Structure formats: C-alpha cells, structure tokens
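Numbering (full-length UniProt numbering), first residue to last: 1 to 112. For every residue, glycine included, the Cβ atom is placed at its ideal position computed from N, Cα and C. All values reported here derive from a predicted model rather than from experimental measurement. So the structure is just underneath, and the comments pick up after that.
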Amino acid sequence: MTKIQVLPNAELCPEGVEFEAEPGETIIAAAMRHHIAIEHACEMSCACTTCHVILREGFDSLEAAEEKEEDLLDKAWGLEPTSRLSCQAKVADTPLVIEIPKYTINLEKERH
C-alpha cells in the first residue's frame with residue numbers, strides 16, 4: 001500500500017487527509033474510495049480537466065503522461081509542471097502528496 005496525503009482543500013477536505021492506495025490504482029479512484037470527491041465531469045475517461053491535481057511530492061514515481069492527457073492539461077486551471085489528471089495518474093510505491101486546485105474550468109459543478 002502507498003500513502004497519499006491530500007493537502008487541505010477548503011471544499012473537499014478542509015483539514016487535509018491521508019490514506020493508502022493500491023499500487024496501480026488511479027489517484028482519483030483511491031481518493032473517492034476514501035470519500036474525497038474530486039470532480040470528474042467526464043466520468044474519469046480522460047476527456048476533461050476537472051480531476052486535475054498537483055503533485056507536491058512523488059511526481060517522478062508516476063508513469064509519464066500520455067499525449068492525450070498532456071493536451072488536456074494545457075487547458076487546466078492553475079497548471080504547474082507537476083500537474084496530472086488524477087483519472088490517469090496511477091499510484092506506484094512512492095508516497096504522494098497532492099494538492100487539489102481550488103478551481104476547475106467547469107462552470108457548473110457536478111456532484112457524483
């Protein structure tokens with residue numbers, strides 16, 4: 001199991017949270033299993049940027065993003081060099097620290 005720390009996010013986890021994920025599991029799947037409702041307007045199909053996260057630690061442990069993800073990330077709000085779509089980033093063995101950006105490009109939030 002791999003430790004994931006989510007930094008405080010005013011809407012989703014004001015105190016921040018830590019949980020464990022299975023290697024090979026996507027960040028969003030692990031987060032949702034632990035009741036962190038990361039937005040995912042495209043139902044995790046790599047068709048939007050609403051599940052964008054920023055890796056503060058552990059970025060280099062992830063497999064490289066594919067071209068489709070890279071193209072979408074260019075449209076994400078608050079893009080940083082260590083940004084990933086959480087529906088595409090699979091956990092490895094290295095602990096991760098992630099930040100969920102305050103905003104997305106989705107004008108209407110969907111609750112799943």
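Nearest CA to the CA of residue i: which residue from the options?
{"i": "His-40", "options": "Gln-5, Gln-88, Gly-78 and Thr-2", "result": "Gln-88"}
{"i": "Thr-2", "options": "Glu-66, Thr-104, Thr-26 and Ala-76", "result": "Thr-26"}
{"i": "Pro-101", "options": "Ile-4, Leu-85 and Gly-78", "result": "Gly-78"}
{"i": "Pro-8", "options": "Ile-54, Pro-81 and Glu-80", "result": "Ile-54"}
{"i": "Thr-104", "options": "Thr-94, Lys-90 and Ser-83", "result": "Ser-83"}
Express the C-alpha separation of residue j and residue i in angstroms, rounding to a whole number.
{"i": "Glu-15", "j": "Ala-37", "result": "14 Å"}
{"i": "Glu-57", "j": "Leu-96", "result": "5 Å"}
{"i": "His-52", "j": "Cys-46", "result": "10 Å"}
{"i": "residue 136", "j": "Ala-29", "result": "What is shown of the chain runs 1 to 112, which leaves residue 136 out entirely."}
{"i": "His-112", "j": "Lys-75", "result": "Only weak support is given to the placement of His-112: the predicted model assigns it a pLDDT of 47, under 50, and the value that follows is read from those uncertain coordinates. Cα to Cα, His-112 sits roughly 23 Å from Lys-75."}
{"i": "Leu-72", "j": "Phe-59", "result": "18 Å"}
{"i": "Cys-13", "j": "Gly-24", "result": "24 Å"}
Identify every residue that forms a DSSP beta bridge with residue i.
{"i": "Ile-54", "result": "Ser-83 and Glu-99"}
{"i": "Glu-90", "result": "This sequence places Lys at residue 90; Glu is not what is there. In DSSP, Lys-90 forms a bridge with Thr-26."}
Quick one: does residue i have its CB under 9 Å from some CB of chain B?
{"i": "Ser-86", "result": "Here chain B cannot be found, since the structure has a single protein chain."}
Round the Cβ separation of residue i and residue j to the nearest angstrom and send it over; I've been treating them as touching at under 8 Å.
{"i": "Ser-61", "j": "Ala-92", "result": "4 Å"}
Can you tell me whether residue i is helix, strand or coil according to DSSP?
{"i": "Lys-3", "result": "strand"}
{"i": "His-112", "result": "Low confidence applies here, because His-112 scores a pLDDT of 47, under 50, leaving its location unreliable and the question unanswered by this model."}
{"i": "Lys-68", "result": "helix"}
{"i": "Ala-21", "result": "strand"}
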